[in-house]
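One structure is given here, and the rest of the page talks about it.
Numbering (this note's numbering), first residue to last: 946 to 1240.
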């Protein structure tokens, strides 16, 4: 199998160059013809990274089915997707805390799209960024949304993805690679994603199943949920908050806050990808200083 590695180095002016560099990566990874007409589910698509991914897929002429809890927001995203050129755009609203809903989304995709080529799992439940308060119930709820619903959707989608030789993209976080303070419940769910999908990937390889699994490890993302907390507690030192639209341009590429960032661009035709994870010098430095780097 061939792998493409793009190593980008900046002189500190990350913000002004990031958008253009992401577009370069996008061009290498996703030619428009590769996704034109493809049938794609995007979860957590009413705001943030999920919303932006839906727009990029729409520009490429894909059939998109998006899901989130807020119907009004989903309707706006669908309208915009159609304006951008989506082959079709549908939505299903509901909570991923309900395992039956997770399975329903995949069945709905089969009904309205006639099958499935790509499953992008991006949704997360609300959590706090503070000292762990001992609330076991909150951890259980977060595991249902951030982990078990991913498993349920994958189980439901695998038969369709096997038929199409499709792919699964799991949006994760550096908080699932390195333990940082103030994120214990959230971080636990992200570690679980890595363990499950990395193991499942190996099983699919052994069974020669033509379904790829990509785990996207993201650094700090300015989605509005943690920006205030980060600034208040001064958790980042001279490191940028990547915008949702920038990151959405790039999956499944690794994006880490670092002067030297490795963007891993596996060819879409391969059956399985190694987990996209690199511990750069800045990440190790941050860990030693007990300075969080969250997504």
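Note that the Cβ used here is the ideal one computed from N, Cα and C, for glycine as well.
Everything numeric in this text was worked out from a predicted model, so none of it was measured.
Close-in-space but distant-in-sequence residues of the same chain around residue i (CB under 6 Å, 5 per side omitted)
i: residue 1077; result: 1129
i: residue 1035; result: 1010 and 1057
i: residue 1197; result: Because the pLDDT at residue 1197 is just 36, under 50, the model does not fix this residue reliably, and the point stays unresolved.
i: residue 995; result: 987, 989 and 1067
i: residue 1041; result: 1047, 1068, 1090 and 1094
i: residue 1008; result: 984, 1032, 1033 and 1058
Whole-angstrom distance between residue j and residue i, CA atom to CA atom
i: residue 1117; j: residue 1020; result: 26 Å
i: residue 1107; j: residue 1028; result: 31 Å
i: residue 1147; j: residue 981; result: 29 Å
i: residue 1051; j: residue 1022; result: 19 Å
i: residue 1143; j: residue 1157; result: 11 Å
i: residue 1109; j: residue 1026; result: 23 Å
i: residue 1080; j: residue 1087; result: 11 Å
i: residue 1111; j: residue 1005; result: 17 Å
i: residue 1054; j: residue 1097; result: 15 Å
i: residue 1103; j: residue 1140; result: 18 Å
Per DSSP, cross-strand counterpart(s) of residue i
i: residue 1116; result: 1161
i: residue 1065; result: 987 and 1114
Buried or exposed by the 16-neighbour rule on C-beta atoms within 10 Å, applied to residue i
i: residue 1062; result: buried
i: residue 1150; result: exposed
i: residue 1045; result: exposed
i: residue 1135; result: buried
i: residue 1024; result: exposed
i: residue 1119; result: buried
i: residue 1082; result: exposed
i: residue 1100; result: exposed
i: residue 1017; result: exposed
i: residue 1070; result: buried
i: residue 1012; result: buried
7 Å CB neighbourhood of residue i in its chain, flanking five on each side removed
i: residue 1075; result: 1127
i: residue 1072; result: 1087, 1130 and 1131
i: residue 1060; result: 984, 1105, 1108 and 1109
Same chain, Cβ closer than 8 Å to residue i, neighbours up to 5 away in sequence not counted
i: residue 1138; result: 1091, 1092, 1095, 1115, 1117, 1121 and 1160
Cβ-heavy atom distance, residue i to the ligand SAM, below 6 Å
i: residue 1150; result: The model on display carries no ligand, and the ligand SAM is accordingly not part of it.
In chain order, each alpha helix (DSSP H) run of at least 4 residues that lies wholly inside the region 983-1039
Within the region 983-1039, the complete alpha helix (DSSP H) runs of at least 4 residues are 993-1004 and 1016-1029.
List in chain order: all unbroken beta strand (DSSP E) runs of 3+ residues lying wholly within the region 1105-1157.
Secondary structure in the region 1105-1157: the beta strand (DSSP E) runs of 3 residues or longer, each lying completely within the stretch, are 1112-1118 in chain order.
Fully enclosed by the region 1042-1099, which beta strand (DSSP E) runs are 3 residues long or longer?
1063-1066, all fully within the region 1042-1099.
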